[in-house]
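So the sequence shown is numbered by our numbering: it starts at 595 and just counts up by one.
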Amino acid sequence: MTDAEYLFDNEWKMAHERVAALERDRDHASIRCLEAIGVAAGWHCLEIGGGAGSIAAWLCRRVGPTGRVVATDTNTRFLASLDYPCLEVLTHDVVTEALPTGAFDIVHTRAVLTHLPEADSVLKKMAGAVKPGGWLLVEEMDFSTEAIAPGIDAGLIHLWNKGMRAVNLVQRQHGMDLIFGLRLYSMVRDLGFISLASEGQTCMFQGGGPRSEAYRLTMEQLQDPCVATGEINAQEFADFLALFSNSSCVMRQFLLMSVWGRRPGA
Ligand SMILES: C[S@@+](CC[C@H](N)C(=O)[O-])C[C@H]1O[C@@H](n2cnc3c(N)ncnc32)[C@H](O)[C@@H]1O
C-alpha cells in the first residue's frame, strides 16, 4: 500500500528547527556545486521546495538586483520571511502544477524529489524549465549509507536496526525511492543534459553532537507512522530516538547525491 502524503509537513511544531538543521549540515555542499556551475549576477533561478530558504537567500545574494529568484514550496511559511528585492515566493505544488518552459538559467532542488512518488515526472518537468544553455542541479538522497558504527553495546545496535527498519518501511509506504540519489546521474543524462558532473556528501556524527540534530528531529517527526507500522512500539521508539543523544553512538548519514548538467543550446 502506498500513502503518497508528504511525511514532513512544515506545520509540525519543530519543522523549522528540522529544516534549519538540514541546511546547517548540507548547505556547504550545495554551495560548492552552485559555485562550480558559476551562478552569477543577473541569472534567473528557480528553487523548488525551498524549505526554510537558505539556498534561495544565497541565490538572491549571488544574482543581485539584476537577477531573479523564484522560490517555490507547497508550504511557504518559512520562505515568506525572506526579504530580497529579486525574490518571488510562490506557493506551488511541483507534482500537480506546471512550470514555465525554457525560462531559467538554473533550476535547483534539494531533498524534495526523494519524497515524491512522482519524482521521475517532476524531474522531467524541472528539466523543461531550464533555458537552452542553462543548468539543472538536483541533490537527492541515497539512504543506503545510513549505518551505526560497531564496537558498542549490541542492544544499542539492535535498537538502531529496529528503528531504521520501521523508518524505511514508512518511507516506502509513502512511495519514496530510498536510493533515488543513485538513479539521478543517468536520469539527468537521459534527459539530454551535457557537461554532467556529480558529487556525493555524507559524514559520520555522534549522538548529542551538532550534526545529530537533523536526524533526531527527522526521526521524531516519523514517530507516529513508525509505531503505526507495528514494527516497533512507542517505548522502543523513544529508546531509538535517545540513540541520537547518546555520545557512544557513532552513525553515518545518508548520502546526498548532487548531480548537475547543462541543457544543450545557446
Ligand atoms: C526536506 S525539505 C527540504 C527543504 C530544502 N529544499 C532544503 O534542502 O533545505 C522538503 C521541502 O519540500 C517541500 N515540498 C514537499 N512536497 C512538495 C511539492 N509537491 N511541491 C513543492 N514543494 C514540496 C516541503 O514543504 C519542504 O519544504
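We put the CB at the ideal spot given by N, CA and C, even for glycine. Computed from a predicted structure; not experimentally measured.
Under the three-state reduction of DSSP output, alanine 674 falls in the helix class. By the criterion of a C-beta distance shorter than 6 Å, histidine 638 is surrounded in its chain by Arg662, Phe698 and Asp699, once the five residues flanking it on both sides are discounted. Those residues that bring their Cβ nearer than 7 Å to a heavy atom of ligand 1 are Tyr600, Phe602, Asn604, Val613, Leu616, Glu617, Arg620, Ile642, Gly643, Gly644, Gly645, Ala646, Ser648, Ile649, Thr666, Asp667, Thr668, Asn669, His686, Asp687, Val688, Val689, Thr703, Arg704, Ala705, Val706, His709 and Leu710. Between serine 839 and glycine 786, the C-beta spacing is not below 8 Å. With contacts defined as CB atoms closer than 8 Å, alanine 723 and leucine 684 fail to qualify as a contacting pair. Nearest C-alpha to methionine 735 among Glu605, Ile788, Gln795 and Ser780: Gln795. One thing to note: phenylalanine 831 has its Cβ no nearer than 8 Å to the Cβ of glycine 749. Residue state for threonine 823 is assigned as coil, using DSSP reduced to three classes. Along the length of the stretch 782-836, whole beta strand (DSSP E) runs at least 3 residues long occupy 788-795 and 798-800, reported in chain order.
Between threonine 668 and alanine 705, the alpha-carbon positions lie close to 14 Å from each other. Rounded to whole angstroms, the separation of the alpha carbons of alanine 646 and alanine 614 is 6 Å.
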